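Visitor: Take the sequence shown: its position 88, counting from 1, is numbered 335 in our numbering, and each next residue is one higher. Here a beta-carbon is modelled for each residue, glycine too, at the ideal position from N, C-alpha and C. Being a predicted model, the structure only gives us computed values, none of them experimental. Just dropping this structure here.
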Amino acid sequence: MGKKTLVFILGIIAISLTCMGQNEPKSYAADRVRYDKEVSYENDFAVSIGFNSDLPIGDWKKYASFGFGPELGLWYHLNDEWCITSRLGFNSFSGRQYVLAGYPGIRYGRQKEWYFNPGVRYNFNQNLWVNPEVGYFNNSFETKKEGGVTWGISAGADIFGPMSIIGVGLGYQKMNFDGLSHNHIGLRVRIYFGVDREKVNEEE
């Protein structure tokens, strides 16, 4: 390939990219609103990845000591205040030690928990939010497996970084397993992808 041909091709590519940039449609919604120092979330669809770190409470604290696991979230903002949410995740709880026949140091088996929690989220402002949920869980502990309805609530804040949005909050989850309360409370941390956070002026 000659130099002239290569230069011609690169020129065409550069012109095409320039045109695409000038004519690029607004992300996610035609009625996007952007203004200085604030961002409208209206019609934004976002994906998040994160993790939960939980401590069991109620009956379950007799059998488990600490839980940790990843989660995937989907978020659709109806407007700047209300958002439809869903979280799919997995937690693994380590077993607590107990004494059997005078011998200490024996541990209960590890408990595994899958959950899918749809919900709604209310944004008090650009940072603070609360997120009630009702969903389904499936737990396995020792030789027992059981699923059922779960509900919970979390609240926290979004931290705006230079390249991403990080959400940090505290959450409570209520569920029953094998006739016992299987509740836990803990930290919720996630990174959002897909929210258009450009801070520019646009005139309608």
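#1: In or out: Trp322 buried (at least 16 other Cβ within 10 Å) or exposed?
#2: Give me the Cα-Cα distance between Leu375 and Gly394, rounded to the nearest whole angstrom.
#3: Report yes or no: do the stretch 298–311 and the stretch 367–386 share at least 3 C-beta pairs separated by less than 8 Å?
#4: Say whether the stretch 302–310 touches the stretch 330–338, bearing in mind that this needs 3 or more beta-carbon pairs closer than 8 Å, one atom from each stretch.
#5: For Gly305, which three-state DSSP category applies?
#6: Taking 6 Å as the limit between beta carbons, can you name the residues of its chain near Ala293, skipping five residues before and five after?
#7: Any idea what DSSP makes of Glu389, helix, strand or coil?
#8: Measure from the alpha carbon of Asn370 to the alpha carbon of each residue in His324, Phe388, Lys359, then state which is nearest.
#9: On the three-state DSSP scale, how would you describe His431?
#10: Label Thr397 either buried or exposed according to how many other C-beta atoms from any shown protein chain fall within 10 Å of its C-beta, with 16 as the threshold for buried.
#11: With a 10 Å radius around its C-beta and 16 neighbouring C-beta atoms as the bar for buried, classify Phe384 as buried or exposed.
#12: Report all residues from its chain with a CB closer than 7 Å to the CB of Gln420; omit the five preceding and five following residues, and keep chain order.
#13: According to DSSP, is Leu335 part of a helix, a strand, or is it coil?
#14: Closer than 6 Å by C-beta to Met422: which residues in its own chain qualify, once you throw out the five before and the five after it? Chain order, please.
#15: Under the rule that 16 or more other beta-carbon atoms within 10 Å means buried, what is Tyr490, buried or exposed?
#16: Just list the residues that DSSP pairs Tyr362 with in beta bridges.
#17: Under a Cβ-count criterion, where at least 16 other Cβ atoms within 10 Å of its own Cβ denotes burial, should Asn338 be classed as buried or exposed?
#18: For Ile353, tell me which candidate among Ser401, Gly342, Ile413 has the shortest Cα-Cα distance.
#19: Judging by CA-CA distance, which residue of Leu319, Ile406, Ser387 is the nearest neighbour of Tyr355?
#20: Rounded to a whole number of angstroms, what is the C-alpha to C-alpha distance between Leu302 and Trp329?
#21: Which same chain residues, not among the five before or five after Glu389, have their C-beta less than 7 Å away from its C-beta?
#22: Mind checking which residues open and close the beta strand (DSSP E) that includes Leu417?
Guide: Here's the rundown:
#1: buried
#2: 32 Å
#3: no
#4: no
#5: helix
#6: Trp322, Tyr439, Gly441, Val442
#7: coil
#8: For the residues His324, Phe388, Lys359, the minimum Cα distance to Asn370 belongs to His324.
#9: Reduced to three states, the DSSP call for His431 is strand.
#10: buried
#11: buried
#12: Excluding sequence neighbours, Gln420 sits near Thr397, Gly399, Asn430, His431.
#13: strand
#14: Sequence-distant Cβ neighbours of Met422 in its own chain, meaning closer than 6 Å and more than five residues away, are Phe384, Thr397, His429.
#15: Any question about residue 490 goes unanswered here, given that the chain covers just 248 to 451.
#16: Gly336, Phe384
#17: buried
#18: Proximity to Ile353 across Ser401, Gly342, Ile413 peaks at Gly342, based on C-alpha coordinates.
#19: Ser387
#20: 29 Å
#21: Gly356
#22: 412–421
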